[in-house]
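Engineer: In our numbering, the protein residues as written are 974 to 1281.
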């Protein structure tokens, strides 16, 4: 078994460490894993504990993280004004907050002239999935841009190697593709099963370029300080910011429900809270200009109800 960060973190936690400090500050507290939570809480007898986070940005529940601020016995102070962007972008953020149980709404800083509209040369492109990031990287490299990828090069290589195994008739141990016995089986799933729509861009990319071209593209990536554009998943972009941001096209709208409006058009299902939280993170990464891109479908949805 590979020795991962989580392993030595657990080994350290089992030693019941005492952290000598006057104050202990836990950032991103809305996405804290239980091991770190236990270590942090155990320091309360000898130091002052401070948690900072945004409950609406809790997007790592799928890997066991939880929002530890909700049960934290302390004075709660709320900051609702953003010093990163202006009022127009705060309005976009609040549209997504309305689909969550967040009790607050943001206000922007009037002196910051943030705009929402088309961005042809963004500083960053934010994607929902690693496969979406791979698609953006290939497209931008083909257009002649110097491209950086946030902490994801090896992830893309692993996907390309898994595709190579399937195309050569071997099963792969990659967690996203482990259920498929062959490349043809994956193609059929992506083309005909509604659950396979996230894999469609990946299948098309491999069919068009081949796994070797994807691996070559990863090796052609540039450091962020030298790149024209940075590609990142929204998960890995949390806590970061760029002057201009475009949202990639791999954020699908909610599917249609069985109900229809007065004109006979199907009514979409409500936006799930997890999707709304991720969209909220994505749209709040920009400082001066945001291109909604793959999230522009929110303009076609009825507004969510505001908290009472």
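Even for Gly, the Cβ is constructed at its ideal location relative to N, Cα and C.
Which one of 987, 1025 and 1069 has the shortest CA to CA distance from residue 1243?
Structural biologist: Nearest C-alpha to residue 1243: 1069.
Engineer: Taking the alpha carbon of residue 986 as the point to measure from, which residue in 1252, 1223 and 1014 has its own alpha carbon closest?
Structural biologist: Cα-wise, what sits closest to residue 986 is 1014.
Engineer: Nearest CA to the CA of residue 1239: which residue from 1267, 1274, 1258 and 1163?
Structural biologist: Cα-wise, what sits closest to residue 1239 is 1274.
Engineer: Following the continuous beta strand (DSSP E) through residue 1008, name the residue where it begins and the one where it ends.
Structural biologist: Careful: residue 1008 lies outside any beta strand (DSSP E), inside the alpha helix (DSSP H) at 1007-1014.
Engineer: Closest to residue 1271 by CA distance: which of 1228, 1042, 1233 and 1210 is it?
Structural biologist: The candidate whose alpha carbon is nearest that of residue 1271 is 1228.
Engineer: Could you tell me the alpha carbon to alpha carbon distance between residue 996 and residue 1010, rounded to whole angstroms?
Structural biologist: If I take the Cα positions, the gap works out to 16 Å.
Engineer: Bridge partners of residue 1080, per DSSP?
Structural biologist: Note: residue 1080 sits in a beta bridge opposite 1054.
Engineer: Under the assumption that residue 1139 contacts residue 1156 (Cβ atoms under 8 Å), give the Cβ distance between them as a whole number of angstroms.
Structural biologist: 4 Å between Cβ atoms; contact.
Engineer: Looking at the structure shown, is residue 1097 part of a helix, part of a strand, or coil, going by DSSP?
Structural biologist: Residue 1097: strand per DSSP, three-state reduction.
Engineer: Where residue 1104 and residue 993 are concerned, what is the direct C-alpha to C-alpha distance, given to the nearest angstrom?
Structural biologist: So the two alpha carbons sit approximately 43 Å from each other.
Engineer: Could you tell me which residues DSSP puts in a beta bridge with residue 1244?
Structural biologist: DSSP output for residue 1244 lists no bridge partner at all.
Engineer: Taking residue 1261 as the reference, give the member of 1232, 1253 and 1218 with the closest Cα.
Structural biologist: Among 1232, 1253 and 1218, the Cα nearest to that of residue 1261 is on 1218.
Engineer: Should residue 1121 and residue 1214 be called a contact, given that it needs their Cβ atoms to be closer than 7 Å?
Structural biologist: Against a cut-off of 7 Å, the Cβ pair of residue 1214 and residue 1121 comes out as no contact.
Engineer: Considering only the beta carbon of each residue, do residue 1201 and residue 1147 sit closer than 7 Å?
Structural biologist: It is not a contact, given that the beta carbons lie outside the stated cut-off.
Engineer: Could you check where the beta strand (DSSP E) with residue 979 kicks off and where it finishes?
Structural biologist: Careful: residue 979 lies outside any beta strand (DSSP E), inside the alpha helix (DSSP H) at 978-987.
Engineer: Tell me which residues share the same chain as residue 1006 and place their Cβ nearer than 7 Å to its Cβ, disregarding the 5 neighbours each side in the sequence.
Structural biologist: Excluding sequence neighbours, residue 1006 sits near 1037 and 1038.
Engineer: Count the CB pairs spanning the segment 1228-1237 and the segment 1128-1144 that are closer than 8 Å, and state whether there are at least three.
Structural biologist: At 8 Å Cβ cutoff, the stretches do not touch.
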